């Protein structure tokens, strides 16, 4: 893809795979319960018929946009099969991540099975499901996964736009959102690779502290980073400058947080981040790492 540094390979480290099961889960939470298809007119979004069809849609979108590959995230617990189906359609385009609720009775066995079938990242959302990343249930999962597994830990402000659009409550617990809680966990598992998305989503200082102390912790740059409004005067340029200074260019992963169609891949986020990176003084090598090479290296 053309960038201010020339033609670079662009890989997206954060794309939500809004599968039929994802929409069915939301529909079941409405009162009265609805069907997944009925959400389309309410949202103005396309509701995919199958994971394979959605995978094909993303392949076409990445071709159009010039995106080489992406880490796609199954965005409700128990939806590993959807991202596995997408990988079967185009394994060169997708790395499969999946959400797990460690409090579920079968959490560890589900994680082991999904990783054995080729998925690469385990996603924890402590605020969403009401647990500490230091909980024994999380530890049991981390102890069971092979070295090199990507462990995605959402920290900071958690706002799920589709839930707001559908009038669904989001009883999330922000007390489980501090990246500092990840510090001891990352130290205990040096062979795992931990990713904090959105620069810590409001906990930039804390996320940088953990990165500085734990060489196996990375940051992803995804979304419009609206959390910056909690830091008056902070700019995305300054965020990138601080992240480059503390974490370095090899531990930053470009991401958009793209999710639904017909919008598809969020080019506006890409353009905002490229501009901020350029203003932060990133050179060609740093841009190459952040925009694509780091994710490819992370996934082996």
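In this note's numbering, the protein residues as written are 2 to 301. Don't be surprised by glycine CBs; every beta carbon is placed ideally from N, CA and C. All figures in this text were calculated on a predicted structure; none of them were measured in a lab.
Cβ neighbour criterion (16 or more within 10 Å) applied to residue i
i, result
"residue 88", "buried"
"residue 274", "buried"
"residue 257", "buried"
"residue 64", "exposed"
"residue 232", "exposed"
"residue 80", "buried"
"residue 208", "buried"
"residue 287", "buried"
"residue 33", "exposed"
"residue 301", "exposed"
"residue 236", "exposed"
"residue 213", "exposed"
"residue 150", "buried"
"residue 171", "exposed"
"residue 192", "exposed"
"residue 230", "exposed"
"residue 285", "exposed"
Anticipated Cβ contact below 8 Å, residue i with residue j, distance rounded
i, j, result
"residue 248", "residue 220", "6 Å"
"residue 216", "residue 197", "Going by Cβ atoms, the distance from residue 216 to residue 197 rounds to 14 Å, so no, they are not a contact pair."
"residue 74", "residue 109", "Not a contact, Cβ separation roughly 20 Å."
"residue 53", "residue 86", "6 Å"
"residue 30", "residue 169", "6 Å"
"residue 187", "residue 200", "Contact flag wrong, Cβ pair sits at about 17 Å."
Extent of the continuous alpha helix (DSSP H) run through residue i
i, result
"residue 221", "Per DSSP, residue 221 belongs to no alpha helix (DSSP H); it is in the beta strand (DSSP E), 218-221."
"residue 206", "205-214"
"residue 194", "That residue, residue 194, is in no alpha helix (DSSP H); its beta strand (DSSP E) goes 194-197."
"residue 246", "237-247"
"residue 18", "No alpha helix (DSSP H) holds residue 18; the beta strand (DSSP E) holding it covers 12-18."
"residue 276", "268-280"
"residue 286", "285-289"
"residue 1", "The displayed coordinates of the chain run from 2 to 301. Any statement about residue 1 would go beyond what the structure contains."
"residue 299", "295-299"
Residue i: first and last residue of the uninterrupted beta strand (DSSP E) it sits in
i, result
"residue 99", "95-100"
| said: Give the list of continuous beta strand (DSSP E) stretches no shorter than 3 residues that lie fully inside the segment 111-174. | reply: 122-125, 151-154
| said: Under 8 Å: do the segment 279-297 and the segment 241-256 share three or more Cβ pairs, one atom per stretch? | reply: yes
| Where in the segment 31-88 do unbroken runs of the beta strand (DSSP E), each at least 3 residues long, occur, reported from the N-terminal end onward? | 70-75
| request: Taking 8 Å as the threshold, find out whether the segment 172-179 comes into contact with the segment 115-123 through three or more Cβ pairs. | output: no
| query | Does the count of Cβ pairs from the segment 96-108 and the segment 21-29 closer than 8 Å reach three? | reply | no
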